[in-house]
Amino acid sequence: MNFLTPGMRFMLLGTFFFSFGSLFVKLAGSRLPTMEILFFRGLIGVVLCLIMLRKSGAGMFGKRKFLLAARGLLGFGAMFADFYAIVHLPLADALVLIFSHPVTVALLAWLLMGETLSRGGVAAILASVTGVTLVCRPDFLFGAGSPDLDTWGLLAALLSVFLTSWAILAVRVLAKTERPAVVMLYPPIAISLLSPLFADGWVAPTLTEWGVLCGVGLFMNVGQFFMTKGYAIESAARISGVSTLEIVFAAMWGMMFLGEIPDLWTIGGGTLIVFGILLLGRSGVRERLREREAA
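Going by the working numbering, the first residue of the sequence shown is number 393, and it counts up by one from there.
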């Protein structure tokens with residue numbers, strides 16, 4: 393993998409583990425409530441982060457406590473929306489929508505952080521918006537009853553994109569002063585504290601479900617760790633193309649383990665979103681080259 397930058401390698405590992413964790417979320421959600429799955433994801437995350445912090449000798453509170461707390465709340469909201477969408481939508485459809493967030497990140501970075509948005513970036517946004525529209529197939533464009541997808545699941549996926557984009561911007565700011573394990577710690581703390589408050593009943597897991605819940609916590613937290621390291625050392629636009637593999641992995645797991653075959657709308661919309669994110673990444677690489685030449 394010498395042709396990949398270190399940030400891309402971290403993102404590739406994170407994407408693989410996160411996609412496998414999403415499969416476990418889907419399996420657990422067949423009987424267990426979403427908030428219960430989320431709680432165990434957060435609890436395992438707290439334990440893993442504390443172990444990493446203890447080994448590194450770093451404090452758990454960090455330097456920018458207000459922004460870290462905001463990152464935690466954004467992480468709780470985004471993760472709940474993720475889990476709800478994954479449970480209520482076919483796995484490929486859910487992750488096609490959820491992983492359109494790099495384009496939203498680029499747009500927000502342009503609006504709020506003064507980052508440049510090239511013509512390639514604008515084309516990427518248009519391609520991705522079109523792709524999301526094809527997957528969602530809203531009634532006012534495609535006629536009444538056109539989508540077979542759960543409406544609340546679609547809304548949760550779109551909410552996830554919005555909240556995740558803000559969370560990534562927070563990570564990019566925090567990464568300049570905080571260790572990855574510190575940045576990672578606050579979302580599972582928020583999840584562990586808040587998910588029981590919003591839970592609508594709890595179900596006693598079976599022995600198999602305990603194993604699935606452990607898989608959710610382990611794979612998603614390991615994936616989050618590598619993704620956080622990737623975002624810490626490289627621009628989101630430059631490594632966002634790697635995150636599109638999440639969509640490919642999701643389609644593979646859905647067909648192999650769940651018997652879910654993506655329809656032509658999902659394939660077409662996913663292709664446009666992947667194209668848009670790759671175009672965004674390419675424009676980011678070109679921008680980096682221009683920065684080096686100017687230096």
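For each residue, glycine too, the CB sits at the ideal point set by N, CA and C.
In the three-state reduction of the DSSP assignment, ASP485 falls in the helix class.
LEU430 sits close to MET471, with the two beta carbons spaced by under 8 Å. Counting only runs of at least 4 residues, the region 593 to 676 fully encloses the following alpha helix (DSSP H) elements, listed from N- to C-terminal order: 599 to 625, 628 to 635 and 637 to 645.
Boundaries for PRO425: no alpha helix (DSSP H) harbours it, and the DSSP string shows neither H nor E there.
By the Cβ criterion, the region 416 to 435 is in contact with the region 468 to 484, since at least three pairs of Cβ atoms, one from each stretch, lie closer than 8 Å. Taking C-beta atoms under 8 Å as the contact rule, GLY523 and GLY668 qualify, at a distance of about 7 Å.
Closest option to LEU586, judged by alpha-carbon separation, among GLY421, MET427 and PHE402: MET427. For LEU547, the enclosing alpha helix (DSSP H) starts and ends at 543 to 566. The shortest C-alpha to C-alpha distance from ALA596 to any of MET400, LEU605 and TRP558 is the one to LEU605. Excluding the 5 residues flanking it on each side, ALA582 has same chain C-beta neighbours closer than 7 Å at GLY464, LEU465, GLY467 and PHE468, in chain order. Rounded to the nearest angstrom, the gap between the Cα atoms of LEU419 and SER552 is 20 Å. Taken atom to atom, the span from the alpha-carbon of GLU638 to that of PHE410 is near 8 Å. Per the Cβ contact rule, the region 483 to 500 is in contact with the region 652 to 663 (3 or more Cβ pairs under 8 Å).
Judged by pairs of C-beta atoms under 8 Å, the region 550 to 565 does not touch the region 436 to 453, as fewer than three such pairs exist.
Annotation note: the region 457 to 486 contains the following uninterrupted alpha helix (DSSP H) runs of length 4 or greater, listed N- to C-terminal: 457 to 480.
Between VAL417 and VAL488, the C-beta gap is not smaller than 8 Å, which leaves the two residues out of contact.
Annotated three-state conformation of ALA591 is coil, per DSSP. Under a 10 Å Cβ-count criterion, TRP657 is classified as buried, with 16 or more other Cβ atoms of the shown protein chains found around its own Cβ. For ARG571, no alpha helix (DSSP H) segment is defined, and its DSSP state is neither H nor E.
PHE410: member of the alpha helix (DSSP H) spanning 398 to 420, first to last residue. A straight-line Cα-Cα distance of about 14 Å links THR496 and LEU670. In this structure, VAL439 is the residue among LEU459, SER414, VAL439 and THR556 with its C-alpha nearest to the C-alpha of PRO580.
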